[in-house]
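Numbering (my numbering), first residue to last: 1 to 307.
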């Protein structure tokens, strides 16, 4: 049993339990979002396919967090240093890497959606061509690899207070390498999320300007009904994520960082299915699909009764 830092089990046990519960709830909401998109077959439209990618990225992120807290031994006395379960150090290192990778994956997905909405609102150009979508997917999947390899080759993934991530050194060890790796892990994500926030802010300003000057046309208003619910996601994600990263960088109390993380996970997971059902196209398709399914069940029942 190797102690990883000065934090005690009693300090992190409530946070780890909270992570586990919230991860299950978030998995349900992300799964619901994927089910709605598949059931309504709205994934054929780019704007809804982006929501599908967002839900899949969020689901992977949530499952990774659940895996990242599993190796932490919370059965020890409350005054014991936080440590990894016996024989689980390999899983902790691997889940720490996955934690970092899926964090960047989700961030790049949010930024991609922000860029798509920005062009759709400001330049009236929807990036629906296949080449743009493939380029976006390639960036989301491959770019995180460039930002997660250094702690991996330095064997610096391990227990980080409340979950497996970049390992926090013990009390007597130097923190210079940890600070360096933490900066690599957090600063690029802060820059990316704030870039997405800037894109959404400009888009919202542009929409408000059009409304005030009454420059929008009927087709523009219909398009905005589909896009507006999705616009809020990058804004919410950027603001809450920024608070979490600042807390991590400044060494804030683990319970504060944990609470912000839980708020981020739960808010984002609940928001996607709600935003989907707020869009007229998805709502109409969902009601139509449900009615069609009921008709098919009724017809099947009548046929069986006749035989």
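For glycine and all other residues, C-beta sits at the position ideal for the given N, C-alpha and C.
Model, not experiment: these values are computed from the prediction.
Inset, instruction - Taking the CB atoms as reference points, tell me whether residue 121 and residue 206 lie closer together than 8 Å. - result: yes
Legend entry - Rounded C-alpha distance that separates residue 22 from residue 60: 14 Å
Inset, instruction - Just mark residue 260 as buried or exposed, buried being the case when its beta carbon has 16 or more other beta carbons within 10 Å. - result: buried
Inset, instruction - Between the Cα of residue 66 and those of 163, 141, 227, 105, spot the shortest distance and give me the residue it belongs to. - result: 163
Inset, instruction - Could you have a look at residue 83 and say whether DSSP puts it in helix, strand or coil? - result: strand
Inset, instruction - Check whether the region 47 to 57 touches the region 71 to 87, counting contact only when three or more Cβ pairs, one atom from each stretch, lie closer than 8 Å. - result: no
Legend entry - Status (buried if at least 16 other CB within 10 Å, exposed otherwise) for residue 58: buried
Inset, instruction - For residue 140, count neighbouring Cβ atoms within 10 angstroms of its own Cβ and tell me buried if that reaches 16, exposed if not. - result: buried
Inset, instruction - Determine the extent of the alpha helix (DSSP H) in which residue 19 is found, giving its start and end residues. - result: 9 to 40
Legend entry - Buried or exposed by the 16-neighbour rule on C-beta atoms within 10 Å, applied to residue 77: exposed
Legend entry - Pairwise C-alpha distance: residue 72 and residue 36: 35 Å
Legend entry - Buried/exposed call for residue 103, threshold 16 Cβ in 10 Å: buried
Legend entry - DSSP state of residue 238 mapped onto helix, strand, coil: helix
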